[in-house]
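Peer 1: Respectively, the protein sequence lines represent chains A and B. Sequential numbering of the first sequence, starting at 1, is according to the working numbering. Sequential numbering of the second sequence, starting at 1001, is according to the working numbering. For every residue, glycine included, the Cβ atom is placed at its ideal position computed from N, Cα and C.
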Amino acid sequence: MRSALALVLVVVLAALMMAGVSQLPPPGEADQAVHRHVAANYLADGVEEGGTGNRVTAVLLDYRALDTYGEVVVIFAALIAVLLVRSAGGPRTQPPPRRVPVSPVVDQVIRLMTPFIALFALFMIIEGHVLPGGGFQGGVVLGALMILLSLALGPDRLRGALHTGALFWLRAVAPLAFTVSALAGLGLVGWWFALPEPGWMREFALVLLELAIGFGGAAALTGFFLSLEEDIHR
Amino acid sequence: MTGLALTAVAGLLIVAGCGFFLAGTIGLLRLPDFYCRLHATTKCDPIGAVLILTGAALLSGPEISTIRILALIALIVITSPTAGHALARAGWHAGHVPWTREPGNEPE
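The structure is reproduced here in structure tokens:
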């Protein structure tokens, strides 16, 4: 019975998808609606206006900066929601359970790989405005490294480091940086999210934005993990 | 080695690597418990992927991308067995009992 239902569902969904796919324009046809609107301008002026040779970055951080602003705010809001739900449960009531010690093999390999992973994450963030990659991807790699380290060293060392001083504000750095970028564009150039004028300044602003996205994303990811990890042990 | 022999060796390495992936995947689907499935799947990356990458390195010749492939091989050889080791250790400490043929010890 269940497999018959599943078969009907698969057939119906497949028919819907085939109907949609059959209506797609042939690939590469230049006079379709999506190619006639703004895409030509992006291709023609994207390098000059966006401040980078990578037009994807120009769309992401300049033409559609408001969308990207929304994305970093969503990540930040998700972190706030997790922290709120966590704190509603009150402080930890039971002592933390006994941890299985990390095996020496895993410990050594994590120590060996950490500098390479960190370097790769930084490379993705800093070169992200020129090459495929960028703040979001590099931030996820960096956040995964933080989770790995908290598994190897125990979460309390990482928790202590992340709750003190300037690192506390890292979680909000991406929305803050985009707010500054929006206001600076309005004040200096005349419209929201406009990048400053000389080319090298544009590139510098892009690197700063990518760094903010990357470190903010990594801090948010680490925050998720630490909150949920604490929750499991209550 | 002539070009043809090199291509043949590289092709054999790649096919052998695919064979390890096939065996590992069948093992993941068919073997009875956590440890057996882990045993099968940990053959995919360290052996299968390394064989395929070695074949690719032979095919790409003395290029800068060959160094990248060698770095990838080093990465897989270091990290993948470690991941398998950590998984098996976690399973053991979490109280998973290895499957045997004795009655009353049915596969999960």
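Is there a C-beta anywhere in chain A that falls below 8 Å from the one on R1000(B)?
Peer 2: The structure shown does not extend to residue 1000(B), since chain B is modelled only from 1001 through 1108, so no value can be given for it.
Peer 1: How about S181(A): is its C-beta nearer than 8 Å to some C-beta of chain B?
Peer 2: no
Peer 1: Please list, in chain order, all residues of the same chain as V141(A) whose beta carbon is under 7 Å from its beta carbon, the five residues on each side excluded.
Peer 2: For V141(A), where only same-chain residues beyond five positions count, the Cβ hits under 7 Å are I117, F120, A121, M124.
Peer 1: Beta-carbon within less than 8 Å of G223(A)'s beta-carbon, same chain only, minus the 5 sequence neighbours each way: which residues are those?
Peer 2: Cβ neighbours of G223(A) beyond the five flanking positions: L79, V82, L83, L162, R171.
Peer 1: Just how far apart, CA to CA, sit I213(A) and F136(A)?
Peer 2: 6 Å
Peer 1: Within 8 Å of any Cβ in chain A, is that where the Cβ of T1041(B) sits?
Peer 2: Contact with chain A is absent for T1041(B), since none of that chain's Cβ atoms lies less than 8 Å from the residue's Cβ.
Peer 1: Is DSSP giving T1100(B) helix, strand or coil here?
Peer 2: Reduced to three states, the DSSP call for T1100(B) is coil.
Peer 1: If you count every other CB in all the chains shown that lies within 10 Å of the CB of L221(A), and 16 or more means buried, which is it?
Peer 2: Answer is buried; the Cβ neighbour count reaches 16.
Peer 1: Can at least three beta-carbon pairs, one atom from the region 1079–1093 of chain B and one from the region 97–115 of chain A, be found at a separation below 8 Å?
Peer 2: yes
Peer 1: Below 8 Å on the Cβ atoms is my contact criterion, and I expect G185(A) with F178(A) to pass it. Report the Cβ-Cβ distance as a whole number of Å.
Peer 2: The Cβ separation is near 10 Å, so there is no contact.
Peer 1: Would you say A1040(B) and G1061(B) are within 8 Å of each other, going by their C-beta atoms?
Peer 2: no
Peer 1: Is the Cβ-Cβ distance between V130(A) and T52(A) less than 8 Å?
Peer 2: yes
Peer 1: Nearest-angstrom Cα distance between L13(A) and L24(A)?
Peer 2: 17 Å
Peer 1: At a CB distance below 7 Å, what residues from the region 1062–1088 of chain B approach chain A? Give them in sequence order.
Peer 2: I1078, T1079, T1082, H1085, A1086
Peer 1: How about M146(A): is its C-beta nearer than 8 Å to some C-beta of chain B?
Peer 2: no
Peer 1: Rounded to whole angstroms, what is the Cα-Cα separation between V1050(B) and R1037(B)?
Peer 2: Roughly 20 Å between the two C-alpha positions.
Peer 1: Would the region 43–57 of chain A count as touching the region 140–159 of chain A if we require 3 or more Cβ pairs under 8 Å?
Peer 2: no
Peer 1: Mind pulling the chain B residues with CB within less than 7 Å of V100(A)?
Peer 2: Residues of chain B passing the Cβ test: H1093.
Peer 1: If you scan the region 1052–1088 of chain B from start to end, which runs of the beta strand (DSSP E) of 3 or more residues do you find wholly inside it?
Peer 2: You should have found no qualifying run.
Peer 1: Taking 8 Å as the threshold (C-beta atoms), are R55(A) and L47(A) in contact?
Peer 2: First, the amino acid is wrong: residue 47(A) is Val here, not Leu. The answer is yes: Cβ separation under 8 Å.
Peer 1: Taking I126(A) as part of the alpha helix (DSSP H), name the residues at either end of that continuous run.
Peer 2: Run containing I126(A): 104–126, per the alpha helix (DSSP H) assignment.
Peer 1: In its own chain, which residues sit with a C-beta less than 8 Å from the C-beta of V173(A), not counting the 5 before and 5 after it?
Peer 2: Hits under 8 Å: A212, F215, G216, A219.
Peer 1: Kindly give me the distance between the Cβ atoms of I1076(B) and P1046(B), rounded to whole angstroms, as I take these residues to be in contact under 8 Å.
Peer 2: Going by Cβ atoms, the distance from I1076(B) to P1046(B) rounds to 6 Å, so yes, they are a contact pair.
Peer 1: I need the straight-line Cα distance from L1059(B) to T1066(B), nearest angstrom please.
Peer 2: 9 Å
Peer 1: Can you give the beta carbon distance from I1014(B) to G1055(B), rounded, assuming they're within the 8 Å contact cut?
Peer 2: Correct: roughly 4 Å between the Cβ atoms.
Peer 1: Between A1090(B) and M201(A), what straight-line distance do the alpha-carbon atoms span, to the nearest angstrom?
Peer 2: 50 Å
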